[in-house]
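Read the structure below first, then the notes.
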Amino acid sequence: MGVCPAVSMFFRKCKYMILLLLSVSILAWYATFSGETVKAIQGTLLPVQTLADNTEVLSGGEGNSWRSVTQVFSNPLPDTSPPKQSCPEKSPLLQGALNLTFEDSLTLKEVESENSGVAEGQYQPPDCLAQQSVAILIPHRNREKHLLYLLHHLHPFLQRQQLHYSIYVIHQAGEVTFNRAKLLNVGYLEALKDYDWDCFIFHDVDLVPENDYNLYKCDQQPKHLVVGRNATGYKLRYKGYFGGVTAMTKDQFHKVNGFSNTYWGWGGEDDDLRIRVELQKMEIIRPPPLIARYTMVFHKRDSGNEINKDRMRLLARTPKVWRKDGLNTCSYSTLSVERPPLYINVTVDIGEPMH
Ligand code: UDH
Ligand code: MN
Numbered sequence: 001m002g003v004c005p006a007v008s009m010f011f012r013k014c015k016y017m018i019l020l021l022l023s024v025s026i027l028a029w030y031a032t033f034s035g036e037t038v039k040a041i042q043g044t045l046l047p048v049q050t051l052a053d054n055t056e057v058l059s060g061g062e063g064n065s066w067r068s069v070t071q072v073f074s075n076p077l078p079d080t081s082p083p084k085q086s087c088p089e090k091s092p093l094l095q096g097a098l099n100l101t102f103e104d105s106l107t108l109k110e111v112e113s114e115n116s117g118v119a120e121g122q123y124q125p126p127d128c129l130a131q132q133s134v135a136i137l138i139p140h141r142n143r144e145k146h147l148l149y150l151l152h153h154l155h156p157f158l159q160r161q162q163l164h165y166s167i168y169v170i171h172q173a174g175e176v177t178f179n180r181a182k183l184l185n186v187g188y189l190e191a192l193k194d195y196d197w198d199c200f201i202f203h204d205v206d207l208v209p210e211n212d213y214n215l216y217k218c219d220q221q222p223k224h225l226v227v228g229r230n231a232t233g234y235k236l237r238y239k240g241y242f243g244g245v246t247a248m249t250k251d252q253f254h255k256v257n258g259f260s261n262t263y264w265g266w267g268g269e270d271d272d273l274r275i276r277v278e279l280q281k282m283e284i285i286r287p288p289p290l291i292a293r294y295t296m297v298f299h300k301r302d303s304g305n306e307i308n309k310d311r312m313r314l315l316a317r318t319p320k321v322w323r324k325d326g327l328n329t330c331s332y333s334t335l336s337v338e339r340p341p342l343y344i345n346v347t348v349d350i351g352e353p354m355h
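Counting in the UniProt record's numbering, the sequence shown tops out at residue 355, every number present.
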């Protein structure tokens, strides 16, 4: 009985303290429980900010501050698509002889909508790895209609050949005498800034290939693709002709120091390139005449591209000067590089002939 009065005394003296302790623990228990409940509810939908310590997925999401936790933290789905195989040696898409059209009403918009797989002049086959990456270089001034016809035919043609390619149009600024060869040197140098192309096709704007077995790929030797054209009865213009459309690898072209820069006006620059190739003991190859056929869109001689009367004299000195006249001495200033959907347009000031 001696304990009871002491206990009742304690209770009487400390009842307020005990009441306070009791209510504090009830509150604490409730707070813990309700916190878990809130977290449990938020388990599927937490404010992104609270999770955004080290995950890039979360940055930049606009109007999206609540996201599923599983969505935020789950790993991206593994890429289950099989690795791309090389495209076959012979494309299954080739058609052979083509039916070319030159509609006066054709527009660039139409050609763009026919070639939705091309972006900024460039194309990759969608389901295989192309055997070669090819830069098509077109020297150009004041031939917009011819360029339109060429783009219209060349894009589908190259796509059927399953090539990775870009089309570069190298546009000579100003009115001074045209220089096809120097523009092609510029095209080579500028295209290599974009990509390490395997193969370069030097392509007149007015020559449209008639048969897609005429492959725009490079070979062991420099290749001449225009054996015949409508205007010459589909005969080679002359023995050794190496103009119009030619294909050289990066190394072949580099080895000959590119084209000469000194041929202003019409003629000679293609024969000069042939001499360079022969000096390197390379041999020009050609596809069969029935395949290497072109239609040249009819045109007259352009003003600003008069016959170069100096060409024979220049050709005679090629063996002596080719090392000091070519890619390594090609000075120019690029005025603009534009990338509309179907080609890369390099506008360039290449200077003028020295007199
Ligand atoms: N080129 C232009 N603009 C010019 C000159 C030439 O873009 O003002 C380019 C174009 O890519 C052209 C290439 O340079 O395809 C070769 O020039 P060309 O087509 O004039 O050469 P081709 O040998 O004709 O075809 C020479 C004159 C033909 C006169 C025919 C009269 N019977
Ligand atoms: Mn022409």
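We put the CB at the ideal spot given by N, CA and C, even for glycine.
Neighbour-count burial assignment, residue i, 16 or more Cβ in a 10 Å radius
{"i": "Tyr238", "result": "exposed"}
{"i": "Ser68", "result": "The predicted position of Ser68 is uncertain, since its pLDDT is 32 and thus under 50; no value can be drawn from it."}
{"i": "Leu307", "result": "The sequence as given places Ile at residue 307; Leu does not occur at that position. That one is exposed."}
{"i": "Asn64", "result": "Note that Asn64 has pLDDT 34, beneath the 50 cutoff, so the model's placement of it is unreliable and the number below is only indicative. So Asn64 counts as exposed."}
{"i": "Lys223", "result": "buried"}
{"i": "Leu147", "result": "buried"}
{"i": "residue 399", "result": "Examination of residue 399 is not possible in this model, given that the chain is present from 1 through 355 alone."}
{"i": "Ile344", "result": "buried"}
{"i": "Asn54", "result": "Caution is warranted here: a pLDDT of 32 is assigned to Asn54, below 50, making its placement in the model unreliable, and the coordinate value is therefore given only provisionally. Answer is exposed; the Cβ neighbour count stays below 16."}
{"i": "Gln172", "result": "buried"}
{"i": "Lys109", "result": "exposed"}
{"i": "Ala130", "result": "buried"}
{"i": "Gly233", "result": "exposed"}
{"i": "Leu335", "result": "exposed"}
{"i": "Ile285", "result": "exposed"}
{"i": "Phe157", "result": "buried"}
{"i": "Arg143", "result": "buried"}
{"i": "Lys182", "result": "buried"}
{"i": "Thr107", "result": "exposed"}
{"i": "Arg317", "result": "exposed"}
{"i": "Asn328", "result": "exposed"}
{"i": "Leu77", "result": "exposed"}
{"i": "Tyr195", "result": "exposed"}
{"i": "Glu210", "result": "buried"}
{"i": "Arg229", "result": "buried"}
{"i": "Thr249", "result": "buried"}
{"i": "Arg141", "result": "buried"}
{"i": "His152", "result": "buried"}
{"i": "His203", "result": "buried"}
{"i": "Gly121", "result": "buried"}
{"i": "Gly187", "result": "buried"}
7 Å Cβ cutoff met for residue i and residue j
{"i": "Gly326", "j": "Gly258", "result": "yes"}
{"i": "Arg276", "j": "Val256", "result": "yes"}
{"i": "Gln252", "j": "Asp198", "result": "no"}
{"i": "Lys180", "j": "Leu94", "result": "As written in the sequence, residue 180 is Arg, which differs from the Lys given in the question. No, the Cβ-Cβ distance between Arg180 and Leu94 is not below 7 Å."}
{"i": "Cys128", "j": "Lys84", "result": "yes"}
{"i": "Met312", "j": "Ala231", "result": "no"}
{"i": "Ile136", "j": "Ile201", "result": "yes"}
{"i": "His155", "j": "Val205", "result": "no"}
{"i": "Tyr332", "j": "Val321", "result": "no"}
{"i": "Ala191", "j": "Tyr165", "result": "no"}
{"i": "Asn305", "j": "Phe178", "result": "yes"}
{"i": "Gln221", "j": "Glu278", "result": "no"}
{"i": "Leu98", "j": "Val134", "result": "no"}
{"i": "Leu100", "j": "Val208", "result": "yes"}
{"i": "Pro353", "j": "Trp264", "result": "yes"}
{"i": "Pro126", "j": "Cys87", "result": "no"}
{"i": "Asn185", "j": "Cys330", "result": "yes"}
Cutoff 7 Å: residue i Cβ touching any chain B Cβ
{"i": "Asn308", "result": "Although the question refers to chain B, the structure presented lacks it and comprises just one protein chain."}
Any non-hydrogen atom of the ligand GDP closer than 6 Å to residue i Cβ
{"i": "His224", "result": "No copy of the ligand GDP occurs in the structure displayed; its ligands are the ligand UDH and the ligand MN alone."}
*Is the number of C-beta pairs between the region 268-279 and the region 339-349 that are closer than 8 Å three or more?*
With a cut-off of 8 Å, the region 339-349 and the region 268-279 do not count as touching, because too few Cβ pairs lie within range.
*Complete runs of the alpha helix (DSSP H) confined to the region 111-168 [at least 4 residues]*: 144-160
*Considering only residues of the region 252-313, which uninterrupted beta strand (DSSP E) runs meet the minimum length of 3 residues and lie entirely inside it, listed in chain order?*
293-296
_At least three beta-carbon pairs within less than 8 Å, the region 287-304 to the region 206-219_ = Output reads yes: the region 206-219 touches the region 287-304.
*Counting only runs of 3+ residues fully inside the region 171-252, write out the beta strand (DSSP E) ranges in chain order.*
199-203, 207-209 and 245-249
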